[in-house]
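Residue numbers (our numbering): 22 to 238.
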């Protein structure tokens, strides 16, 4: 049975909805590729990560132009904008981490295992986001399927929060003595904050797609 959006497509030609879904999937794939490179290089290849960010920025600009000129959209334009920007923020977050590592390289390299664990969790979350974004191209979102995938991402974000909490306790214990290297504490603490923000943004993407599925249901 044809959906209302397929009916619109017969009258108006290629749908803005289809193009939005295609572009957002391209952005999600860019984020996944960036996350893979980010993990494999331990966040040390600033130039490579910035290249991924620039590719993402170009896609974001195209999405914004599409939404600004859209006549009829399947999803609320404000929701589409928010999802696009949150996904872009994840890529931007990787750039911020890479720059931070580069600035504090003498202190942060080699990275501690808990930081590497957060890299891996972030990459795993982005794989889940890509799967959710791909579902936006389907004629109708399955609330059950979206909820299941979003729950997996939410659990990964909770796992990341626990890793950060344990890491911060270790930092307090290590750098509490008066003769401790306080610059090192600042460098590590900021790194964990940036990594936590990145996983938070990824979870926001999943929550937004779940919200879209609820509204459509």
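From the three backbone atoms N, C-alpha and C, an ideal C-beta is built for every residue, glycine too.
| Asked | Found |
| --- | --- |
| For residue 121 and residue 170, the rounded distance between their alpha carbons | 31 Å |
| Best match in 40, 130, 81 for proximity to residue 92 [C-alpha to C-alpha] | 40 |
| Residue 183 to residue 60 span [Cα, whole Å] | 19 Å |
| Residue closest to residue 323, alpha-carbon to alpha-carbon, out of 233, 209, 37 | This structure cannot speak to residue 323, because the chain is shown only from 22 to 238. |
| Contact set for residue 54: own chain, Cβ-Cβ below 8 Å, skip 5 residues either direction | 73 |
| Element boundaries [alpha helix (DSSP H), containing residue 223] | 203-237 |
| Rounded Cβ spacing between residue 204 and residue 118 (contact assumed at less than 8 Å) | Not really, about 18 Å apart at Cβ, beyond 8 Å. |
| Sub-7 Å separation of residue 154 and residue 46 beta-carbons | yes |
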